[in-house]
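In the working numbering, the protein residues as written are 36 to 362.
Heads up, the thing below is written out as structure tokens.
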Amino acid sequence: MDDIFNNNFSKKSSRKFWLLWSGGVILFFLIFYGFFIKAPTAFPVGRLLTVENGSTFDQTAIFLQKNNIIQSPLFFRFFVFLFGGDKKVMAGDYIFSGRVSVIDVARKVTHGDFGLTSQKIVIPEGTSVSEISIIIKNQISDFDAKTFVKLALEKEGYLFPDTYFFMNNIKPAAVISAMNNNFNEKIKTIQKQIDGFKKPLKDIITMASLVEEEARTAETRKIIAGILWKRLSIEMPLQVDAVFPYILGKNTYEVDADDLQIDSPYNTYKYKGLPKGPITNPGLEAILDTITPTKTAYLYYLSDKKGVMHYASSFGEHVANKQKFLQ
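In structure tokens, the structure reads:
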């Protein structure tokens, strides 16, 4: 009887020992994983990180730790050696779509798995350089919008509005190049019409940017283009309200009498002729409508609160339209 009791006690003690030991081992590995293997809590999901060319292995490990990609440079080194051998790390731009352990980080940087995907960016017709920068920044959080605006302003009007697919590490100069090249290709398709209009391309694109903002249908664009070209021919100020959002950031309904006197080469109330340059990047249809204007007797136009255009041949008729449709 004592032998049976002792045997049962021995089995229970042994089972208890193994349970405690197993629990201790599991606890150890959970703590070990949490402190050394698991992704840091502040892991920068979706942020672009660059491992610079020429960075040493130790510099890369420290860089990743400082940026909350890994917790332990020591175990990063171990897994890099395991995956790549001889501490091989590939320089470049990396982006992580989710939080990953140091094991996955080591695998990615040794195999050049940059995680870069293209983003679909839609640039509508009549979008300015500043507006383009905001659209791209909203899609690609690391995009250098300020540098883009600084570099792209001289190309205002010549960045073709279209659907683009840009990588997450796209640089401002590359965006400008892609959009400007697209503009050049699209313009080739209507070059015959442009040549037949017998005006400089700069004048056409500048006028098209105004027409794009002043009207939204082919019919109204053609009529307004005809009115604005006529105003130029008789040396009448263009008096286009659409320039003020570009100059001041105000919409046309917020513009007051003082704004009309602002000293700017884009102010078509203060200065005769076309503004200094385009105020947006017009689409192909607006460019075509600008060079195929509808000739009318009209010299004035306005859009009522519903967006319906009303035309007038004299200033008196125009004032009457204002009182009728805008009061």
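A virtual CB, placed ideally from N, CA and C, is assigned to each residue, including glycine.
Asked: Residues in its own chain within less than 7 Å of A96 by CB, not counting five upstream and five downstream?; Found: P108, F111 and R112
Asked: Quick check: the Cα distance between N204 and D230, rounded to an integer number of angstroms?; Found: 39 Å
Asked: Would you decide whether K359 is buried or exposed? Buried here means 16 or more other CB atoms lie within 10 Å of its CB.; Found: exposed
Asked: With DSSP as the reference, please indicate the residues paired to Q154 in a beta bridge.; Found: F201
Asked: Please classify I269 as buried or exposed, where buried requires at least 16 neighbouring CB atoms within 10 angstroms.; Found: exposed
Asked: Apart from the five residues just before and just after S338, which ones in its own chain have a Cβ nearer than 6 Å to its Cβ?; Found: M344
Asked: For L267, report the span of its alpha helix (DSSP H) as first-last.; Found: A253 to S268
Asked: Starting from the C-beta of S136, find all residues in its chain whose C-beta is less than 7 Å away, skip the five residues before and the five after it, and write them out in chain order.; Found: I72, K73 and A74
Asked: At which residues does the beta strand (DSSP E) containing V86 begin and terminate?; Found: L83 to V86
Asked: Rounded to the nearest angstrom, what separates V144 and K181 at their Cα positions?; Found: 30 Å
Asked: Starting from S338, trace the alpha helix (DSSP H) in both directions and tell me its first and last residue.; Found: Premise fails: S338 lies in the beta strand (DSSP E), Y335 to S338, not in any alpha helix (DSSP H).
Asked: Could you tell me the distance, in whole angstroms, from the CA atom of T198 to the CA atom of P317?; Found: 14 Å
Asked: Using the C-alpha atoms, what's the distance from F178 back to F232?; Found: 39 Å
Asked: What's the C-alpha gap between G308 and N302?; Found: 10 Å
Asked: Is DSSP giving I225 helix, strand or coil here?; Found: coil
Asked: Run the CB neighbour count on A347, radius 10 Å, all protein chains shown included, and call it buried at 16 or more, exposed below.; Found: buried
Asked: For R251 and T315, I'd like the C-alpha separation in whole angstroms.; Found: 14 Å
Asked: Applying the criterion that 16 or more other CB atoms from any shown protein chain within 10 Å of the CB defines a buried residue, is M271 buried or exposed?; Found: exposed
Asked: Compute the Euclidean distance between the alpha carbons of K123 and K172, then round it to the nearest angstrom.; Found: 33 Å
Asked: Pull up the distance between the alpha-carbon of H353 and that of K340, whole angstroms please.; Found: 16 Å
Asked: Would you identify the three-state DSSP class for Y129, choosing helix, strand or coil?; Found: strand
Asked: Would you call the CB atoms of G127 and V80 closer than 8 Å?; Found: no
Asked: CB G351 to CB E191, shorter than 8 Å?; Found: no
Asked: F200 and V210 look like a contact to me (Cβ under 8 Å); what is the Cβ gap, rounded to whole Å?; Found: Not quite, the Cβ-Cβ distance comes to about 12 Å (not below 8 Å), so this is no contact.
Asked: In terms of residue numbering, what span does the alpha helix (DSSP H) encompassing A243 cover?; Found: L236 to E249
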